[in-house]
Amino acid sequence: MEMIFVILTKSRGKITKEIIEKSNKVLGGEPGVKVLGFYWTLGRYDSVLIVEAPDEKTAMKMLLQVGDQIATETLVAVPREEAIKLL
209 MEMIFVILTK SRGKITKEII EKSNKVLGGE PGVKVLGFYW TLGRYDSVLI VEAPDEKTAM
269 KMLLQVGDQI ATETLVAVPR EEAIKLL
(Lines of atoms letter the chains of each structure in order from A and count residues from 1; the text may use other names and numbers.)
(Lines give C-alpha, C1' and ligand atoms only; values in the text may rest on other atoms or scores of the structure.)
Protein backbone atom coordinates (compact mmCIF):
# COMPACT_ATOMS: atom_id res chain seq x y z
CA MET A 1 0.00 0.00 0.00
CA GLU A 2 1.34 3.42 -0.96
CA MET A 3 1.81 6.10 1.69
CA ILE A 4 0.49 9.64 1.38
CA PHE A 5 2.63 12.60 2.44
CA VAL A 6 1.54 16.19 2.95
CA ILE A 7 4.58 18.41 2.48
CA LEU A 8 4.52 22.03 3.65
CA THR A 9 7.23 24.11 1.97
CA LYS A 10 8.90 27.43 2.66
CA SER A 11 11.35 28.97 0.22
CA ARG A 12 14.86 29.63 1.56
CA GLY A 13 15.18 32.64 -0.78
CA LYS A 14 13.50 34.41 -3.63
CA ILE A 15 11.32 32.16 -5.74
CA THR A 16 12.50 32.25 -9.35
CA LYS A 17 11.44 30.52 -12.55
CA GLU A 18 14.66 28.48 -12.43
CA ILE A 19 13.83 27.18 -8.94
CA ILE A 20 10.32 26.28 -10.08
CA GLU A 21 11.71 24.42 -13.12
CA LYS A 22 14.15 22.46 -10.94
CA SER A 23 11.37 21.58 -8.51
CA ASN A 24 9.14 20.41 -11.36
CA LYS A 25 11.92 18.12 -12.65
CA VAL A 26 12.47 16.64 -9.20
CA LEU A 27 8.76 16.11 -8.58
CA GLY A 28 8.15 14.56 -11.96
CA GLY A 29 11.33 12.53 -12.09
CA GLU A 30 11.56 10.60 -8.83
CA PRO A 31 10.62 6.96 -9.50
CA GLY A 32 7.77 5.75 -7.32
CA VAL A 33 6.53 9.22 -6.38
CA LYS A 34 3.18 10.41 -7.70
CA VAL A 35 2.09 14.02 -7.18
CA LEU A 36 -1.56 14.10 -6.09
CA GLY A 37 -1.78 17.85 -5.61
CA PHE A 38 0.36 21.00 -5.52
CA TYR A 39 -0.96 24.29 -4.18
CA TRP A 40 0.59 27.73 -3.66
CA THR A 41 -0.55 29.12 -0.32
CA LEU A 42 -0.76 32.35 1.62
CA GLY A 43 0.48 32.45 5.20
CA ARG A 44 3.25 30.60 7.00
CA TYR A 45 4.08 28.27 4.10
CA ASP A 46 4.62 29.02 0.43
CA SER A 47 3.09 25.80 -0.89
CA VAL A 48 1.50 22.49 0.01
CA LEU A 49 2.45 19.38 -1.90
CA ILE A 50 0.56 16.10 -1.60
CA VAL A 51 2.40 13.04 -2.88
CA GLU A 52 2.04 9.30 -2.87
CA ALA A 53 5.17 7.18 -2.39
CA PRO A 54 5.92 3.58 -1.44
CA ASP A 55 7.73 4.56 1.77
CA GLU A 56 9.37 7.34 3.80
CA LYS A 57 12.79 6.79 2.24
CA THR A 58 11.50 7.41 -1.28
CA ALA A 59 9.76 10.63 -0.22
CA MET A 60 12.84 11.77 1.66
CA LYS A 61 15.10 11.08 -1.32
CA MET A 62 12.96 13.37 -3.44
CA LEU A 63 12.96 16.17 -0.86
CA LEU A 64 16.72 16.02 -0.28
CA GLN A 65 17.24 17.05 -3.89
CA VAL A 66 15.66 20.47 -3.26
CA GLY A 67 16.65 20.94 0.38
CA ASP A 68 19.06 23.76 -0.43
CA GLN A 69 16.19 25.80 -1.88
CA ILE A 70 13.21 24.96 0.30
CA ALA A 71 12.57 24.06 3.91
CA THR A 72 9.92 21.40 4.41
CA GLU A 73 7.68 19.99 7.08
CA THR A 74 6.33 16.60 6.09
CA LEU A 75 3.25 14.89 7.49
CA VAL A 76 2.19 11.30 6.92
CA ALA A 77 -1.50 11.20 6.01
CA VAL A 78 -3.70 8.21 6.79
CA PRO A 79 -7.01 7.93 4.93
CA ARG A 80 -10.01 8.43 7.20
CA GLU A 81 -11.35 4.93 6.55
CA GLU A 82 -8.02 3.36 7.54
CA ALA A 83 -7.78 5.46 10.71
CA ILE A 84 -11.30 4.44 11.77
CA LYS A 85 -10.29 0.77 11.50
CA LEU A 86 -7.61 1.45 14.14
CA LEU A 87 -10.23 2.45 16.76
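In the numbering used here, the protein residues as written are 209 to 295. Don't be surprised by glycine CBs; every beta carbon is placed ideally from N, CA and C. Keep in mind it's a predicted model, so treat the numbers as computed, not measured.
(request) Please go through the stretch 258 to 285 and give each complete beta strand (DSSP E) segment of 3 or more residues, from N-terminal end onward. (result) 278 to 285
(message) Buried or exposed for A291, going by 16 or more other Cβ atoms inside 10 Å?
(response) exposed
(request) From the DSSP output, read off the bridge partner residues of T218. (result) It should be noted that the sequence gives Lys, not Thr, for residue 218. BP columns for K218 point to A279.
(message) Considering only the alpha carbon of each residue, which of I227, T224, M268 lies closest to V259?
(response) M268
(request) Kindly identify the DSSP beta-bridge partner or partners of M211. (result) A261
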